[in-house]
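There are 2 protein chains.
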Amino acid sequence: MNETPRPQTRIQRRNTEAILQAALDVFSAQGFRGATLDQIAEVAGLSKPNLLYYFPSKEAIHLELLGGLMDVWLAPLRAMDPAGEPRAEIMAYMRRKLEMSREMPRESRLFANEILQGAPRMMAGIEGDLKTLVDDKAAVIQAWADAGRIAPVDPYHLIFSIWALTQHYADFDVQVRAVLGPDRDPFAEAGSFLDMLFERLLAP
Amino acid sequence: MNETPRPQTRIQRRNTEAILQAALDVFSAQGFRGATLDQIAEVAGLSKPNLLYYFPSKEAIHLELLGGLMDVWLAPLRAMDPAGEPRAEIMAYMRRKLEMSREMPRESRLFANEILQGAPRMMAGIEGDLKTLVDDKAAVIQAWADAGRIAPVDPYHLIFSIWALTQHYADFDVQVRAVLGPDRDPFAEAGSFLDMLFERLLAP
DNA sequence: TTATGATTTGACTACTTGGTCAGGTTGCAC
DNA sequence: GTGCAACCTGACCAAGTAGTCAAATCATAA
Chain A
1 MNETPRPQTR
11 IQRRNTEAIL
21 QAALDVFSAQ
31 GFRGATLDQI
41 AEVAGLSKPN
51 LLYYFPSKEA
61 IHLELLGGLM
71 DVWLAPLRAM
81 DPAGEPRAEI
91 MAYMRRKLEM
101 SREMPRESRL
111 FANEILQGAP
121 RMMAGIEGDL
131 KTLVDDKAAV
141 IQAWADAGRI
151 APVDPYHLIF
161 SIWALTQHYA
171 DFDVQVRAVL
181 GPDRDPFAEA
191 GSFLDMLFER
201 LLAP
Chain B
205 MNETPRPQTR
215 IQRRNTEAIL
225 QAALDVFSAQ
235 GFRGATLDQI
245 AEVAGLSKPN
255 LLYYFPSKEA
265 IHLELLGGLM
275 DVWLAPLRAM
285 DPAGEPRAEI
295 MAYMRRKLEM
305 SREMPRESRL
315 FANEILQGAP
325 RMMAGIEGDL
335 KTLVDDKAAV
345 IQAWADAGRI
355 APVDPYHLIF
365 SIWALTQHYA
375 DFDVQVRAVL
385 GPDRDPFAEA
395 GSFLDMLFER
405 LLAP
């Protein structure tokens, strides 16, 4: 059940993986235009021509990362079960999203960079898959609200608020840590804070 | 009561202003490394050498923007009155911040870009002015919570949540609009949604 | 072992970009 | 109007960057 059979040999698999990891490092920290192939090559431990042996261009590496990202990014929302208990489902979604901010901050920043620049390479995915999924889940949440099982909230802005609050801890990590000081654990604290916030928001 | 008397002649005032406006456009949309002096010069309607007649370097323009930004950015929080009615003060702060996202989205994105890249040119301001102010206001909020005048919430994460929720509508504007479709007004809706959210969060 | 294709690289090109500079033009105080 | 400083620009340079390529090296099936 593996994906595209592109990486065939052992060396290919190892090197494409090293390149993508290095590119994720550099793109997420510098943005697309700020990143250079030399930086990526150095982080990956390869020469620049060798890097271009595996990918045809800088843009192709970036697109490969973005392409794979959308699915991962939407998985937690997709997992929200219309048949489940409403508040538990929404809380669980928020928790999974916060977990992703902790475990995948580079991916979060890559995504944030892309949207900040106007999503020039992701508009299709946003207007397509993402919007479709959000419309779908918003309808589910609306039904829960209409049935009085959660407080009446605009489902779209509820989803936006989960995105904003969880991604903030990844995207603005340096600011959060600078303000909190070195002895506090932002993500652990965010967990309890957001639990309370959404409990209070959603209680019917 | 004017600031530094740097721009003296009429022409200087007009051109430095045009340059800073253009630079705000370009830096906020492309990031520091993604922006080019040629782009800024074109938007400003000046030649590149002329632009460098007014500012010594690309970096200097960027620093000028960032330097002026911190004060503007913190003004709403600074205006939160310890002697006021707690919930009204916090709600008003949130509203002012949302208003800034609507009125100054370029500044918001400039700031977001900077933090995303690890705040290489703003760390001092963040660890200094910003942290000091947040510590100060967090103490005020904590006192309000201790006195039972608002629900017991972590004041730092309360402030983070206001930042995250309001700035999201500026920084992720294209995503929000793509999901909501062309006929909805994100900021108007955010106003009522966030009103309700913080009312519910803060009620003792 | 050896042949063959996969992998790697040094050297290179074309182009972009931040910044310089000598000299020209313009605004304005007198 | 004239002189001088402020303002502006075309032409240029050095550094950096994406991408190419011919040739060298390596892995491995037979």
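Chain order of the listed sequences is A and B. Residues in the first sequence are numbered consecutively from 1, following the numbering used here. Residues in the second sequence are numbered consecutively from 205, following the numbering used here. Ideal placement from N, C-alpha and C gives every residue a C-beta, glycine not left out. Quantities reported herein were computed from a predicted structural model and do not represent experimental measurements.
From the beta-carbon of Leu270/B, no residue of chain A is found nearer than 9 Å; the closest lies around 14 Å away.
With respect to Pro120/A, Lys97/A sits apart: the two C-beta atoms are not nearer than 8 Å. Straight through space, the alpha carbons of Asp242/B and Gln216/B are spaced by roughly 20 Å. Exposure of Pro286/B is indicated by the presence of fewer than 16 other C-beta atoms within 10 angstroms of its C-beta. Looking at the backbone, the Cα of Arg353/B and that of Ala407/B are separated by about 8 Å. Contact with chain B is absent for Ser101/A, since none of that chain's Cβ atoms lies less than 8 Å from the residue's Cβ. In the displayed model, Phe55/A falls within coil according to three-state DSSP, outside both helix and strand. Not one beta carbon of chain B lies nearer than 8 Å to the beta carbon of Ser47/A. When C-beta atoms of the segment 153-162 of chain A are compared with those of the segment 131-145 of chain A, three or more pairs fall below 8 Å, so the two segments count as touching. Using beta-carbon distances, Phe231/B does not count as an interface residue toward chain A, since no partner is under 8 Å.
As for any alpha helix (DSSP H) of minimum length 4 sitting wholly inside the segment 319-357 of chain B, the runs are 335-350, ordered along the chain. Cα atoms of Val72/A and Pro386/B: separation of roughly 27 Å, rounded to the nearest angstrom.
With a beta-carbon spacing of about 27 Å, Val230/B and Leu130/A fall beyond the 8 Å limit used to define contacts.
No Cβ of chain A is located within less than 8 Å of the beta carbon of Trp277/B. The beta carbon of Gly125/A sits closer than 7 Å to the beta carbons of Met70 from its chain, once the five residues preceding and following it are set aside; these are given in chain order. In its chain, beyond the 5 residues on either side, Leu24, Ser28, Leu69, Val72, Trp73, Met100 have a beta carbon closer than 8 Å to the beta carbon of Glu107/A. With a cutoff of 8 Å on beta-carbon distance, Arg109/A and Gln234/B are scored as not near each other. The three-state secondary structure of Gln39/A, taken from DSSP, is helix. Rounded to whole angstroms, the gap between the alpha carbons of Pro56/A and Leu65/A is 14 Å. Identification of residues in the segment 369-396 of chain B having a C-beta nearer than 9 Å to some C-beta of chain A yields Leu369, Thr370, Gln371, His372, Tyr373, Asp375, Phe376, Asp377, Val378, Gln379, Val380, Ala382, Val383, Leu384, Gly385, Arg388, Pro390, Glu393, Ala394, Ser396, given in sequence order.
Going by beta carbons, Ser365/B and Leu201/A fall outside the 8 Å limit. The alpha-carbon of Ala190/A is positioned some 9 Å away from that of Leu165/A.
By the C-beta density criterion, Tyr53/A is exposed, having fewer than 16 other C-beta atoms within 10 angstroms. With a cutoff of 8 Å on beta-carbon distance, Ile223/B and Ala264/B are scored as not near each other. By the C-beta density criterion, Pro49/A is exposed, having fewer than 16 other C-beta atoms within 10 angstroms.
A distance below 8 Å separates the beta carbons of Gln167/A and Ala112/A. Residues of chain A whose Cβ lies closer than 7 Å to the Cβ of Asn317/B are, in chain order, Leu116.
Straight-line measurement puts the Cα of Lys341/B at about 24 Å from the Cα of Gly322/B.
Not a single CB atom of chain B sits nearer than 8 Å to the CB of Trp144/A. Met400/B: member of the alpha helix (DSSP H) spanning 390-406, first to last residue. In the DSSP assignment, Thr220/B falls within the unbroken alpha helix (DSSP H) covering 214-238. At least one beta carbon of chain A lies nearer than 8 Å to the beta carbon of Lys335/B.
A residue is called buried when at least 16 other Cβ atoms come within 10 angstroms of its Cβ; Asp377/B meets this threshold and is buried.
A distance below 8 Å separates the beta carbons of Ile319/B and Gln175/A. The beta carbon of Glu311/B does not come within 8 Å of any beta carbon belonging to chain A, so the residue lies off that interface.
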